[in-house]
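Notes follow once the structure below has been shown.
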Amino acid sequence: MNKFILIIIFQLFIVQISRAQVFQSSGKIGKPFLEIINYQELDNSKFKNRNEKKFAVEVDFEMRNFLNSGRVIYNCEASEYIEKVADKLLKNNQNLRKELSFYIVKSTDVNAFTYNNGMVFIHVGLLANVKSEAQLAFILAHEISHYQLHHSFEKYKQSKIQQKKAAKSNGDGAEAFLNLMSYSREKELEADKNGLKLYLQSDYASTASLGVFEVLKFADYPLENKLILRESFETPFFKISPIIFPDTASLIQNIEDANDSLSTHPNILNRITNIKKELKNTAEKGSNFLVSENQFNQIKRAARIELSNIYLLERNYIGAFYNSFVLLEEEPQNKELMLSELKALFFIQNYLNQNLKSKIALSPKKIKGEIQKLHAFFNKAQKSDMNAFILRLSWRLRSSLGNDPDAIKYSNYCIKDFGTYVSNNLNHFKPISEFQDTLFVHNYEYNKNVSNKGSKTGLKSLKRKSEYPHYSISHFAMSDFIDDKTFKQTFEEVTKGLESKTNDDSEAKENEEEKDEALITKRKSAFAKKEKPLIDEAIKDLLVVDINNLFFDLRKEDPLRYLTVKEKQIELSNLIQETSKLNGVNVHVFNPIELNEDDSAIYTERVAMKNWIKSRLIGDEYEYADSKEQAMIKKIMDKYNAKHICFINSIAVLDQKEIGENQIGIFCLSFLVPPLPIYFGYQLFKPLKASGMYIPIYNLENGKIAYKHEQYFNDLNKIDFTRSEFYNFFYIISKNAYK
Numbered sequence: 001m002n003k004f005i006l007i008i009i010f011q012l013f014i015v016q017i018s019r020a021q022v023f024q025s026s027g028k029i030g031k032p033f034l035e036i037i038n039y040q041e042l043d044n045s046k047f048k049n050r051n052e053k054k055f056a057v058e059v060d061f062e063m064r065n066f067l068n069s070g071r072v073i074y075n076c077e078a079s080e081y082i083e084k085v086a087d088k089l090l091k092n093n094q095n096l097r098k099e100l101s102f103y104i105v106k107s108t109d110v111n112a113f114t115y116n117n118g119m120v121f122i123h124v125g126l127l128a129n130v131k132s133e134a135q136l137a138f139i140l141a142h143e144i145s146h147y148q149l150h151h152s153f154e155k156y157k158q159s160k161i162q163q164k165k166a167a168k169s170n171g172d173g174a175e176a177f178l179n180l181m182s183y184s185r186e187k188e189l190e191a192d193k194n195g196l197k198l199y200l201q202s203d204y205a206s207t208a209s210l211g212v213f214e215v216l217k218f219a220d221y222p223l224e225n226k227l228i229l230r231e232s233f234e235t236p237f238f239k240i241s242p243i244i245f246p247d248t249a250s251l252i253q254n255i256e257d258a259n260d261s262l263s264t265h266p267n268i269l270n271r272i273t274n275i276k277k278e279l280k281n282t283a284e285k286g287s288n289f290l291v292s293e294n295q296f297n298q299i300k301r302a303a304r305i306e307l308s309n310i311y312l313l314e315r316n317y318i319g320a321f322y323n324s325f326v327l328l329e330e331e332p333q334n335k336e337l338m339l340s341e342l343k344a345l346f347f348i349q350n351y352l353n354q355n356l357k358s359k360i361a362l363s364p365k366k367i368k369g370e371i372q373k374l375h376a377f378f379n380k381a382q383k384s385d386m387n388a389f390i391l392r393l394s395w396r397l398r399s400s401l402g403n404d405p406d407a408i409k410y411s412n413y414c415i416k417d418f419g420t421y422v423s424n425n426l427n428h429f430k431p432i433s434e435f436q437d438t439l440f441v442h443n444y445e446y447n448k449n450v451s452n453k454g455s456k457t458g459l460k461s462l463k464r465k466s467e468y469p470h471y472s473i474s475h476f477a478m479s480d481f482i483d484d485k486t487f488k489q490t491f492e493e494v495t496k497g498l499e500s501k502t503n504d505d506s507e508a509k510e511n512e513e514e515k516d517e518a519l520i521t522k523r524k525s526a527f528a529k530k531e532k533p534l535i536d537e538a539i540k541d542l543l544v545v546d547i548n549n550l551f552f553d554l555r556k557e558d559p560l561r562y563l564t565v566k567e568k569q570i571e572l573s574n575l576i577q578e579t580s581k582l583n584g585v586n587v588h589v590f591n592p593i594e595l596n597e598d599d600s601a602i603y604t605e606r607v608a609m610k611n612w613i614k615s616r617l618i619g620d621e622y623e624y625a626d627s628k629e630q631a632m633i634k635k636i637m638d639k640y641n642a643k644h645i646c647f648i649n650s651i652a653v654l655d656q657k658e659i660g661e662n663q664i665g666i667f668c669l670s671f672l673v674p675p676l677p678i679y680f681g682y683q684l685f686k687p688l689k690a691s692g693m694y695i696p697i698y699n700l701e702n703g704k705i706a707y708k709h710e711q712y713f714n715d716l717n718k719i720d721f722t723r724s725e726f727y728n729f730f731y732i733i734s735k736n737a738y739k
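So in our numbering, spot 54 of the sequence shown is number 54, and the numbers just go up one at a time.
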């Protein structure tokens, strides 16, 4: 059962925002986006053997998840620009050009890849980092070479590791597919060589290809590792110790070891060396820009800003904060960046206050570059200091953003957390009239000692020596805020009636562990009793945003089977329509398998709903949806006259029985009666069969769970069981049967 639950959790996260028209899908969806592979043609000459056919179907499944994850953008300004670059690149090879189509991927990775049907995907992170149009053209030439050389089919022999990662992935559908689309050292070097030949046939600058590898050297470090200073966050009344926010960061070291035999990718130095050999007798010629330098710069700027939104989607909140903060130094009035920084601050504060530091902050030893300073601060700062830091920054951003509703909402969240975990009484803090430098110096040294000792015992002994009851820098951080009438009024309104939780981090961790244990016990108890959740009201209109049906054979190394997924999804969609009508429920199924080229509006709606659901999966008391996102959801509710939404997981599992001593004993005794060994042997070694259905329904008006349908049965997922379960599900929600 535990394995079964883990599989359901895996499926929950196979669900998975944009910047003006630069990263906004538009127009027809396009056939390559919909017709990934023709299952009736799997036996044609393109597939040399059974393994290649199996691989093609597996990648097709992951590709469908990827394309419908909400992270792939089509017909946007950025992709149209890339199409023009491809026109210039392949001006002498029109037949090849007609086979290719280009898409943008909402990912911070400095990467691009190509699928075997000619779809080329460019990550936003790459657009944010390339230095010229010519560099972008060389990257396209490299990826097109993978397509020309049929690398996606040939890589099957070394794809087992990636397949395992894909099966275990709990991402949004994109990560599993991206794991499958990585190539070996040999294939990368081959694509470099062939791609350069393709590139040199164009009018782009011949030596620009070398600059691409300089970009790739530091691909893991955002925004060229721009400097971030502790002093940027300080005021005369708010200082941060260099013990917790260091002045310097570890230097980025690009290991230029020519021996890359143990790596899956060729070393950058080797790639540069090979390209230089190919360019040795090539005259320097061509231009860095053939389409438009101005348009390139506009798209690059948009990509750098969009990175903040994507970091938030990927739950890399420190990355989002760093990206927004350093870009705001270039564009101090950019409201989109300010709002992204404010959101990142709220999520960081929320996670750290719940003692979930490991979810967002890496150990400073594991990360290099300027962003290391932020990871060090959020790792080392006391909870009260961190809350003061975030409260001050969030209020500054709110003041700059004016009456923006999202700015007000997120800054109020930051105030609420400060009131809960530090203090909800401003009288606890020193006003400017009582502020003395000596108090701050005492506190500064005190914090330094605490940071050095770090233990619970040391912290308590130092606290006894201090004459001040509030020993963190937060005690002195509010001096200039207390006299701000607007802040004081807002603070008192937001924190009114809050119960403050001021226990130290170690005690809080112990309490959190006890709470988690109690929650696990409670859930086990509820499951054992088969408690039936209440429905908030009878549901007559329902939006179904996703249908997932998978078959897992846990006895095998690669447990996930893909062959019947497409057919099953269509079958399930038909069953949903059939059984819902019998119970008087009006259902709209947003099944990506059934989309056509003219369904771009439906695709956009589906992406919005998936993102809305994902924000609920994070979930606690806070409302994460932004005002624009909520406006989109309201529009969808009005269009379909429905205020409830769900996704459906239907899963079948085969697993090996765990054989105990008693079972073996019974099997041995069965030999006393001749026919019985065959029967008992079959019962003993036959696989366990289990199927299940998980359907959570959310209320679109308030974002809360309206009903959660869970059903498990000891058999494989057969059509009669499925029909019966769907009928039962729709009967319950239409009649409000459990209330």
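Even for Gly, the Cβ is constructed at its ideal location relative to N, Cα and C.
Tell me the residue span of the beta strand (DSSP E) that contains residue i.
i    : result
P405 : P405 -> not in any beta strand (DSSP E); alpha helix (DSSP H) instead, spanning P405 to Y421.
L688 : L688 to N699
M119 : M119 to H123
N586 : N586 to V589
Look at residue i and residue j and say whether their C-beta atoms are less than 8 Å apart.
i    : j    : result
V585 : L542 : yes
L342 : N334 : no
A86  : R97  : yes
M693 : I645 : no
F347 : A361 : no
L312 : A344 : yes
A302 : V22  : yes
F138 : S209 : yes
I415 : T486 : no
S691 : F726 : no
K84  : V291 : yes
V124 : S107 : yes
I390 : Y322 : no
Could you work out which residue in the options is closest to residue i when comparing CA atoms only?
i    : options                   : result
Y421 : Q630, N353 and I348       : N353
S600 : E62, E35, F23 and Y74     : Y74
E760 : F33, E434, K131 and I275  : No answer is possible for residue 760: the residues shown for the chain start at 1 and end at 739.
L251 : I636, Y199, I243 and K226 : K226
N583 : S132, F730 and F218       : F730
T235 : L393, S384 and D638       : L393
E214 : M119, Q135, D417 and K581 : Q135
F590 : N574, K581 and T579       : N574
S627 : K409, Q489 and M637       : K409
F296 : K635, S132 and M478       : S132
K383 : G118, Y351 and W395       : Y351
N427 : S479, L401 and Y413       : S479
W612 : N699, I390 and Q711       : N699
Below 8 Å on the Cβ atoms is my contact criterion, and I expect residue i with residue j to pass it. Report the Cβ-Cβ distance as a whole number of Å.
i    : j    : result
I144 : I82  : About 12 Å separates the two Cβ atoms, so there is no contact after all.
L126 : N111 : 6 Å
K741 : I268 : There is no way to answer for residue 741, as the model of the chain reaches only from 1 to 739.
S206 : G286 : 6 Å
For the alpha helix (DSSP H) containing residue i, list its first residue and its last residue.
i    : result
T282 : Element bounds for T282: n/a, residue is neither H nor E.
V326 : Y317 to E330
N379 : I371 to K380
H150 : Segment: none, H150 is in no alpha helix (DSSP H) and carries neither H nor E.
A128 : Looking at the DSSP string, A128 is not in any alpha helix (DSSP H), and its letter there is neither H nor E.
K31  : K31 to L34
E770 : Because the chain here runs from 1 to 739, residue 770 falls outside it and cannot be looked at.
T490 : K485 to T495
Kindly identify the DSSP beta-bridge partner or partners of residue i.
i    : result
Y727 : Note: Y727 sits in no beta bridge, so no partner.
A112 : I122
K708 : P696
Y103 : F121
N649 : N548 and Y694
T235 : F238
F346 : In the DSSP output, where bridge partners are listed per residue, F346 has none listed.
E73  : The question names Glu, but residue 73 in the sequence shown is Ile. Paired residue(s): I104.
F713 : S691
Y204 : S287
L543 : H588 and I645
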